[in-house]
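What follows is a set of notes on a single structure, which appears directly below.
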Amino acid sequence: MAKMEVKTSLLDNMIGVGDMVLLEPLNEETFINNLKKRFDHNEIYTYIGSVVISVNPYRSLPIYSPEKVEDYRNRNFYELSPHIFALSDEAYRSLRDQDKDQCILITGESGAGKTEASKLVMSYVAAVCGKGAEVNQVKEQLLQSNPVLEAFGNAKTVRNDNSSRFGKYMDIEFDFKGDPLGGVISNYLLEKSRVVKQPRGERNFHVFYQLLSGASEELLNKLTLERDFSRYNYLSLDSAKVNGVDDAANFRTVRNAMQIVGFMDHEAESVLEVVAAVLKLGNIEFKPESRVNGLDESKIKDKNELKEICELTGIDQSVLERAFSFRTVEAKQEKVSTTLNVAQAYYARDALAKNLYSRLFSWLVNRINESIKAQTKVRKKVMGVLDIYGFEIFENADNSFEQFIINYCNEKLQQIFIELTLKEEQEEYIREGIEWTHIDYFNNAIICDLIENNTNGILAMLDEECLRPGTVTDETFLEKLNQVCATHQHFESRMSKSSRFLNDTSLPHSCFRIQHYAGKVLYQVEGFVDKNNDLLYRDLSQAMWKASHTLIKSLFPEGNPAKINLKRPPTAGSQFKASVATLMKNLQTKNPNYIRCIKPNDKKAAHIFNEALVCHQIRYLGLLENVRVRRAGYAFRQAYEPCLERYKMLCKQTWPHWKGPARAGVEVLFNELEIPVEEYSFGRSKIFIRNPRTLFKLEDLRKQRLEDLATLIQKIYRGWKCRTHFLLMRKSQIVIAAWYRRYAQQKRYQQIKSSALVIQSYIRGWKARKILRELKHQKRCEEAATTIAAYWHGTQARRELKRLKEEARRKHAVAVIWAYWLGLKVRREYRKFFRANAGKKIYEFTLQRIVQKYFLEMKNKMPSLSPIDKNWPSRPYLFLDSTHKELKRIFHLWRCKKYRDQFTDQQKLIYEEKLEASELFKDKKALYPSSVGQPFQGAYLEINKNPKYKKLKDAIEEKIIIAEVVNKINRANGKSTSRIFLLTNNNLLLADQKSGQIKSEVPLVDVTKVSMSSQNDGFFAIHLKEGSEAASKGDFLFSSDHLIEMATKLYRTTLSQTKQKLSIEISDEFLVQFRQDKVCVKFIQGNQKNGSVPTCKRKNNRLLEVAVP
65 MAKMEVKTSL LDNMIGVGDM VLLEPLNEET FINNLKKRFD HNEIYTYIGS
115 VVISVNPYRS LPIYSPEKVE DYRNRNFYEL SPHIFALSDE AYRSLRDQDK
165 DQCILITGES GAGKTEASKL VMSYVAAVCG KGAEVNQVKE QLLQSNPVLE
215 AFGNAKTVRN DNSSRFGKYM DIEFDFKGDP LGGVISNYLL EKSRVVKQPR
265 GERNFHVFYQ LLSGASEELL NKLTLERDFS RYNYLSLDSA KVNGVDDAAN
315 FRTVRNAMQI VGFMDHEAES VLEVVAAVLK LGNIEFKPES RVNGLDESKI
365 KDKNELKEIC ELTGIDQSVL ERAFSFRTVE AKQEKVSTTL NVAQAYYARD
415 ALAKNLYSRL FSWLVNRINE SIKAQTKVRK KVMGVLDIYG FEIFENADNS
465 FEQFIINYCN EKLQQIFIEL TLKEEQEEYI REGIEWTHID YFNNAIICDL
515 IENNTNGILA MLDEECLRPG TVTDETFLEK LNQVCATHQH FESRMSKSSR
565 FLNDTSLPHS CFRIQHYAGK VLYQVEGFVD KNNDLLYRDL SQAMWKASHT
615 LIKSLFPEGN PAKINLKRPP TAGSQFKASV ATLMKNLQTK NPNYIRCIKP
665 NDKKAAHIFN EALVCHQIRY LGLLENVRVR RAGYAFRQAY EPCLERYKML
715 CKQTWPHWKG PARAGVEVLF NELEIPVEEY SFGRSKIFIR NPRTLFKLED
765 LRKQRLEDLA TLIQKIYRGW KCRTHFLLMR KSQIVIAAWY RRYAQQKRYQ
815 QIKSSALVIQ SYIRGWKARK ILRELKHQKR CEEAATTIAA YWHGTQARRE
865 LKRLKEEARR KHAVAVIWAY WLGLKVRREY RKFFRANAGK KIYEFTLQRI
915 VQKYFLEMKN KMPSLSPIDK NWPSRPYLFL DSTHKELKRI FHLWRCKKYR
965 DQFTDQQKLI YEEKLEASEL FKDKKALYPS SVGQPFQGAY LEINKNPKYK
1015 KLKDAIEEKI IIAEVVNKIN RANGKSTSRI FLLTNNNLLL ADQKSGQIKS
1065 EVPLVDVTKV SMSSQNDGFF AIHLKEGSEA ASKGDFLFSS DHLIEMATKL
1115 YRTTLSQTKQ KLSIEISDEF LVQFRQDKVC VKFIQGNQKN GSVPTCKRKN
1165 NRLLEVAVP
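Residue 873 in the working numbering sits at position 809 of the sequence shown, and the numbers go up by one each step.
Dropping the structure here:
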């Protein structure tokens, strides 16, 4: 990657002109050409003083990376190339360091990138402010509020796939350190007419398509919706799918964002239910029907949609149906009910849909404000971000009431922009001691007064016309405008005086034209009265208030009969006028920062710059007017220090270092360059340059001087490099010579040393060999003497050995003769007793040999150590039968003990339970054999691990012995209900399987008996002690797949706690106490329809019959 070029000024390597104030000459053509030149080089940002112009590139650019954030962090506004980050950093540092509240005003037409610009401002502020868990949470909530508001307030238009159809102003609150604490969002003029009707090629609000595309099947079924867009009349089909937009993924993003912002699950579900209700309202259709008195009334064609809406909202169907058919008018104490024809019914339906959606949107904004508002009460610093619709001019007289209101808002913003810009200029001139000269500019206050004047303003006359009794139409409103505004220079119509001398035949009779600051706009008067009235029949408000749906009821407080207000609600125009006045008052208390967004083409494509379209936007944004106001006095101003640092090389006295004050250095510099004194003025801390040509002349001189300095630097560098190279070569030659001489002496020394070592080795070898010969001779002499002595000693030893052997033979012969004599003597004495005891001795000897052989054979024929191995060697002799059996018994006991010694305590407990089960049920219960191979687990539900049963786990403090789902048999009809069966050390508990709530708790001391059949079924009854609290509803009858285990554990636990054996009754008929009645439970054999599952039926009041397959 190439190293990023370092810039120290806006003027360095500038493409075109980075600040339009410096553009020369200044006209519309040069302005557009400069923008186009920068746009073609991916420079989408340009300044007008402190105002940022942003051209939408319609593609991703690598200029918003974390590295870019760090580049612009804590940098001077004009230090780097124009960028939105520079304005964001300037505003944030002014707020943090100078304690000045800031506001950032973002304007432009739809598709110009206003929403993206506001996101970039917020993301930059979030990146540069403090860190920490709480701070990060606040930043995340502020950022995640955007997807929610975009889903409900943005839509696809012919100009923009994500067009904001409302104005948004967000106040971000910071503490004294500059860390965000929270925020407050205000919304203006949601385009609610889009809910019921969209122009060709446009869509309804995003949330409708996201809900149908991204919701799960379960959610759609709950809301009684279908995925097919064509099923809903309020959704346009020609633009339902947008290229590059994944509505399903966006729906998941919105749900996640709502969770992060702080919406509870039930709140999010309520919002989606209201959205579904709005969709379904569009499917309600009406048909005409004549009454007896001759009046026409309307009826709903298909009531299925109405029924589904009522089920969603919790409204009585008859109440809502009447509200669509009748209108009640109240005057003092009188009520008059009139029927609605089909057209009025459709108007009422659409009015309800628009009001329901717009109020839902306002509720969403308030709910987000609750989550993101600052929690502390300390003094806060505020940065406001205004993302509001730009000036709108549609062709073919398509401009209606919405465009009139939007353009009125832009007139007010232009007015405050001019005022604050001039005020800022004047304050800087006064602060710097420069004489202030009057600046001529167009003051649009006369246009604002035409619209908002309380007496003769267009909005005031529109409200007066709406409140006037009698027939009120758009034509009567236009006639009134012609009467009152006929002489106004910025108002034109067919009947106004200002149009008498116009030859404009394209001005229709039903239109009027206003000369705005951005140009003339032709308004179609049709719909002005209805849209300003924004009327919702009181019957519909009251019907909505009667809804059991909490959210819908809260959206229509005026529907409460106890709070009926006969006063007419304020009109849409007056409400917006008040909102704009509040906004203007808020903006005037803050330091403004401006971002003007421009759309380069209508195709939403990259690399296309439509000059005619851009020219149109430049005109209505008043950008040339902004430049002229900015440069009316002095086009460029700069502090003395950076000015001297930048241009000091142009004067010998200031180059390379100036010792005195910076202002004195600048004065010397300008005098040396002979710049006319009328072209500049000296302020207290800045130099002011009147004409951009003077600045460009300085830049050209600086550029030429930099080239000269570069040549000088190159010359000096090349000389230094050659000298350095020569000195290095000389030093290297000396080092090489020194090293060679050292090497030669070392080599000669090694040769002499090697020769001396060879001579020494030869001499030492000769001496060593001489000594060796002497030692060998001496050794041979010593060995000869030793050998002679050894032979002599051997001869002496052999003579002594021969003598000793002879003597030993004599002694042995004596011993043998003596032994034979003793044997003869003993045999003579024993012979007379031998015949009497010979048989007994032979028998005992034979018997001993047989037993010995038996045991040796048994050793090799032993069976395995498995206790279940029944093999045993056959008996070899009949007289050993009892011994053989006893050995078999001892061996079996021994190997059983060895096997038991391998068991753990838990395994011993399991086998004890298995042994207990065998004693209780073997040969008694047909189900017992199948349970032998199944291990007793006890805790089948894993309550400790399953979060579903957390509440149940917390309610039980004792150790759980059994946790199993059983079927509790209903006493009334024999049907079963799933219950959680819990056995602890002291109690038996039953809980609901879904909620985990405990239904019954029985102490073990109150359990008297367990009854069951002898057949292959899982039914069993638990009998309770009469008179106990647990026995108030009678005994329990259950069915379980683990009957043997449950009965065994219940038997052992009861015996352990009560020291009494629990009675186990096994019978095919037994009695069960149900409340005050005793019912016989009888088990019979029968074929089952559902396979091998036993069934239970109530035959009569005294008999429950269980059919076992």
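Ideal Cβ positions, reconstructed from N, Cα and C, are used throughout, including at glycine. Quantities reported herein were computed from a predicted structural model and do not represent experimental measurements.
Secondary structure at Lys584: strand, using DSSP grouped into helix, strand and coil. Under DSSP, the beta-bridge partners assigned to Gly247 are Ile236. Note on Trp609: 16 or more other CB atoms within 10 angstroms of its CB, so buried under the neighbour-count rule. Cα atoms of Ala877 and Leu888: separation of roughly 17 Å, rounded to the nearest angstrom.
Spatial neighbours of Lys962 in its own chain (CB-CB distance under 7 Å, excluding positions within 5 residues in sequence) are listed in chain order as Leu929. Partner residues in the beta bridge of Asn463, as assigned by DSSP, are Tyr587. Taken through DSSP and simplified to helix, strand or coil, Arg102 comes out as helix. Excluding sequence positions up to five before and after Ser605, its CB lies within less than 7 Å of the CB of Phe620, Glu622 and Gly623, all in the same chain and listed in chain order.
Looking only at Glu483, His580 and Glu1028, the smallest Cα-Cα distance to Gln467 is reached by His580. Its chain contains Leu733, Leu762 and Arg766 as the residues whose beta carbon lies nearer than 7 Å to that of Tyr711, once the 5 sequence neighbours on both sides are disregarded; these appear in chain order.
Counting along the chain, the unbroken beta strand (DSSP E) around Val1029 starts and ends at Ile1024 to Ile1033.
Comparing alpha carbon positions, the residue from Asn1037, Ser1075, Gly1098 and Asn596 closest to Asn1164 is Asn1037. Taking a C-beta distance under 8 Å as the contact criterion, Lys1009 and Gly1060 do not qualify as a contact pair. By DSSP's assignment, Tyr744 forms a beta bridge with Ile753. In this chain, the beta strand (DSSP E) harbouring Ile1148 covers Asp1141 to Gln1149. In the three-state reduction of the DSSP assignment, Phe327 falls in the coil class, being assigned neither a helical nor a strand state. Contact annotation: the segment 661 to 675 does not touch the segment 485 to 497, with fewer than three C-beta pairs closer than 8 Å.
In the three-state reduction of the DSSP assignment, Phe468 falls in the helix class. In this structure, the beta-carbon distance from Leu1054 to Ile1025 does not fall below 8 Å.
Within the same chain, and ignoring the five residues on either side of Leu484 in sequence, the residues whose Cβ sits closer than 6 Å to its Cβ are Pro656. By the criterion of at least three beta-carbon pairs nearer than 8 Å, the segment 240 to 255 is not in contact with the segment 288 to 295. The residue from Phe425, Gly686, Pro263 and Glu333 with its alpha-carbon nearest to that of Asn91 is Gly686. Considered as a whole, the segment 279 to 334 harbours 281 to 286 and 311 to 325 as its complete alpha helix (DSSP H) runs of no fewer than 4 residues, in chain order. In this structure the segment 175 to 195 touches the segment 146 to 153; the number of beta carbon pairs closer than 8 Å is three or more. Assignment of Phe1083 by DSSP, reduced to helix, strand and coil, places it in the strand class. Looking at the DSSP output, Met447 shares a beta bridge with Gln166 and Ile236. Excluding five sequence positions before and after Gly1098, the CB atoms of its chain that fall closer than 6 Å to its own CB belong to Gln1137, Phe1138 and Arg1139, given in chain order. Rounded to the nearest angstrom, the gap between the Cα atoms of Lys875 and Arg939 is 56 Å. With three or more CB-CB distances shorter than 8 Å, the segment 633 to 640 counts as touching the segment 589 to 602.
By alpha-carbon distance to Ser1064, the top candidate from Val644, Arg267, Leu1016 and Glu846 is Leu1016. Ranking Ala981, Ser422 and Asp987 by CA distance to the CA of His1106 puts Ala981 first. Taking C-beta atoms under 8 Å as the contact rule, Leu759 and Ile751 fail to qualify, at a distance of about 10 Å. 8 Å or more divides the Cβ of Gln208 from the Cβ of Val306. Taking C-beta atoms under 8 Å as the contact rule, Asn268 and Tyr298 qualify, at a distance of about 6 Å. Apart from the 5 residues on each side of it in sequence, Val548 sits with its Cβ closer than 8 Å to the Cβ of Asn520 and Met525 in its chain, given in chain order. When rounded, the separation of the alpha-carbon atoms in Cys167 and Asp451 is 11 Å.
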